[in-house]
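Enquirer: Here it is, the structure, as structure tokens.
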Amino acid sequence: MTDRNHNADQLYSDAKNGDRRALGRLISLIESGYLFKLNQVKSHPGAQNGPVLVGITGAPGAGKSTLTSQIISSIRSANETVAVIAIDPSSPFTGGAILGDRIRMSEHALDSGVYIRSFATRGKLGGLASAVPEVVKLLSSLLYDFVLIETVGVGQIEVEIVGQADTTVVVVNPGWGDSVQANKAGLMEIADIFVINKSDRPGANETERDLKAMLELSSNLDWIPPICQTVSTEGQGVDTLLEKIKEHRSYLEKTGILQQKLVQRTKNEILSLINERIVLKTNEFVDSKFGNELIDSVIDGNLDVFAASEIVLGEINKVI
Ligand SMILES: Nc1nc2c(ncn2[C@@H]2O[C@H](COP(=O)(O)OP(=O)(O)OP(=O)(O)O)[C@@H](O)[C@H]2O)c(=O)[nH]1
Ligand SMILES: [Mg+2]
């Protein structure tokens, strides 16, 4: 462990000096469950001085990676820097999506103001959900102006991951029912900005109308999610989207919501670290000889489950 700590510290200082391979290795360490203590972090995601933290989600194939690549270009043209975390749902059999993402993003590969990390999830999304906040913090400490998280908007964990962003962009496509699908997947509630991508296809205006109607029903907020039409393959509409992202950030800052989100995120992180530790200790105890004896006592009718759990809690209290 000491070796690993030393190694991580060295990697971090190399990463700070712009060594991207070191950064990649550090992220792999975090991904494998290593808790890297970022003592030197001064800039938190979502803090006033921290990067703009944007989640980009939507149905498979909606054009999220193409859009992300264009957002990167738009950010870079203003000379700001950006890190991207792409959570790739690619099947372990084809791996096609990873390749696709790499090709689409490859135009930025040599740009030192851009860092892209693709995670192939392959069924271990759960672990990634706890690694992502750490990785985001790491990237924030490296002073990127923007951190983008791309994830497919299906399933609870993906939505949870994207919920760690301060500004959530939901990508839909023109066509009957797409907005309805987004609604069903729970994406309406989390959207701060809507993008109708592939607006070169028929039906974009109808989809915008549908979305507006749904938003009127649901929103009672002072931030009404704007709707942007984009053609990502051409870069069309992307500058306007970036403007909206910045407007949302200003809104969060002005209203104090940004700070609230940071407080909530920090609280969740502390709670989940404590939970993990308690669950681990509890499992260890229940699996021990004494734990087995307790279970036997309950089965034999000498003890009820409440009394047994009190005893376990008492024991854990001593070791935690
Ligand atoms: N016509 C058109 N095609 C687009 C547009 N944006 C993306 N595409 C195409 O849509 C396909 C999917 O794009 P991706 O960017 O891989 O979509 P994604 O949402 O990242 O896909 P997954 O990560 O696999 O869920 C690609 O063939 C893109 O070239 C657009 O604005 N118009
Ligand atoms: Mg993608």
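Residue numbers (the numbering used here): 11 to 330.
Where a beta carbon is used, it is the ideal one built from N, C-alpha and C, also for glycine.
#1: So, with DSSP's three-state summary, where would you put Arg211?
#2: Going by the CB atoms, is the gap between Val322 and Thr292 shorter than 8 Å?
#3: If you draw a straight line from the C-alpha of Ile267 to the C-alpha of Ala18, how long is it?
#4: What does the Cβ neighbour count give for Val157, buried or exposed, with the cut at 16 atoms within 10 Å?
#5: Three or more beta-carbon pairs under 8 Å between the segment 204-214 and the segment 237-252, yes or no?
#6: Look up Ser128 in the DSSP assignment and give the residues it is bridged to.
#7: Ligand 2 heavy atoms versus the CB of Lys254: any closer than 7 Å?
#8: Please work out which residues of its chain come closer than 7 Å, Cβ to Cβ, to Glu325, disregarding the five sequence neighbours upstream and downstream, and give them in chain order.
#9: Could you tell me the distance, in whole angstroms, from the CA atom of Val145 to the CA atom of Ile37?
#10: Heavy atom of ligand 2 less than 7 Å from the Cβ of Glu168, yes or no?
#11: Per DSSP, Val64 forms a beta bridge with which residues?
#12: If you compare alpha carbons, which of Val329, Gly301 and Val182 is closest to Ala317?
#13: When you compare only the Cα positions, how much space is there between Glu117 and Gln270?
#14: What first and last residue would you give for the beta strand (DSSP E) that runs through Ile200?
#15: Can you find a heavy atom of ligand 2 that lies under 7 Å from the Cβ of Ser75?
#16: Grab the span of the beta strand (DSSP E) containing Gln239 for me, first residue to last.
#17: Report yes if the CB atom of Leu63 is closer than 8 Å to the CB atom of Thr177, and no otherwise.
#18: Express the C-alpha separation of Lys26 and Lys299 in angstroms, rounding to a whole number.
Expert: Taking the coordinates as given:
#1: coil
#2: yes
#3: If I take the Cα positions, the gap works out to 33 Å.
#4: buried
#5: yes
#6: Ala96
#7: no
#8: So the qualifying residues of the chain are Phe295.
#9: Rounded to the nearest angstrom, the two C-alpha atoms are 6 Å apart.
#10: no
#11: According to DSSP, Val64 bridges with Leu158 and Thr177.
#12: Selected option, being the one with the closest Cα: Gly301.
#13: A direct Cα-to-Cα measurement between Glu117 and Gln270 gives close to 37 Å.
#14: Unbroken run through Ile200 is the alpha helix (DSSP H), Leu197 to Ile200; no beta strand (DSSP E).
#15: Because some heavy atom of ligand 2 lies under 7 Å away, the Cβ of Ser75 counts as near it: yes.
#16: Ile237 to Gln239
#17: yes
#18: 48 Å
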